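Participant: One structure coming up, written as structure tokens, with questions to follow.
There are 2 protein chains.
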Amino acid sequence: MNDNDEINTLRRFGAQVRSIRLLRGISQEELAHRCMLDRSYVGGVERGERNLGLLNILAICTALEIKPSELFEGWRDVE
Amino acid sequence: MNDNDEINTLRRFGAQVRSIRLLRGISQEELAHRCMLDRSYVGGVERGERNLGLLNILAICTALEIKPSELFEGWRDVE
């Protein structure tokens with residue numbers, strides 16, 4: 035994965051988190067609170083600026099009430 | 035997620051990577067090579083010692099020829 039792919043991958047993931055969060059009608063503040071993460075960190079995730087770890091991915095899934103397999107639905111191996 | 039949950043979660047992920055790798059009949063060396071990761075890093079992932087980032091998760095999916103949604107099949111939000 036070259037740098038460009040990496041940026042696009044993180045942005046895609048962030049956009050997906052954001053769209054599900056909005057679907058759930060919760061703020062970044064609320065999502066951060068549920069995940070016990072900092073609001074600015076969640077903002078960075080949504081902007082595609084964070085290569086977040088597995089544990090934070092799963093914490094976000096729990097907070098958004100979505101299974102990890104659903105969050106990655108439609109993702110081929112690597113974009 | 036408490037510390038114990040985190041350890042179990044990483045171990046579960048590592049065991050899953052390992053079982054798929056063995057199914058594919060490839061060595062840790064080969065998996066590491068395909069991911070452009072260090073062999074010892076892959077060993078650490080399989081032992082559940084790594085909270086690996088999204089990009090490495092996706093690189094491992096590509097190397098194992100599995101979709102991310104398949105890798106996380108059966109995972110509820112958080113273990």
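Those protein sequence lines, which keep their order, are chains D and S.
Mind the numbering: the first sequence is residues 35 to 113 in this note's numbering, read in order.
Mind the numbering: the second sequence is residues 35 to 113 in this note's numbering, read in order.
Glycine included, each C-beta is placed from N, C-alpha and C at the ideal position.
These numbers were taken from a predicted model, which means no experiment stands behind them.
1. Measuring CB atoms only, is the stretch 103-112 of chain D touching the stretch 100-110 of chain S, in the sense that at least three cross pairs come out at less than 8 Å?
2. For chain S, check one thing: does any of its Cβ atoms lie closer than 8 Å to the Cβ of Arg110(D)?
3. What residue range is occupied by the uninterrupted alpha helix (DSSP H) comprising Asn90(S)?
4. Counting pairs of Cβ atoms below 8 Å between the stretch 56-71 of chain D and the stretch 58-75 of chain S, do you hit three or more?
5. With a 10 Å radius around its C-beta and 16 neighbouring C-beta atoms as the bar for buried, classify Asn90(D) as buried or exposed.
6. I think Arg58(S) touches Leu92(S), with their Cβ atoms under 8 Å apart; what is that distance to the nearest whole Å?
7. In chain D, which residues lie with their C-beta within 8 Å of the C-beta of Glu64(S)?
8. Quick one, which of Ile94(D), Ile100(D), Glu80(D), Ile54(D) has its alpha-carbon nearest Ile41(D)'s?
9. Given that Asn85(D) touches chain S, what residues does it touch there, using C-beta distances under 9 Å?
10. So what's Asp72(D) in DSSP terms, helix, strand or just coil?
Facilitator: Considering the structure as presented:
1. yes
2. yes
3. 88-97
4. no
5. Residue environment analysis places Asn90(D) among the buried positions, since at least 16 neighbouring C-beta atoms fall within 10 angstroms of its C-beta.
6. About 17 Å; that fails the 8 Å criterion.
7. Within chain D, no residue comes near Glu64(S); the closest Cβ sits about 16 Å away, beyond 8 Å.
8. Glu80(D)
9. Here the neighbours are Gly87, Leu88, Leu89, Asn90.
10. coil
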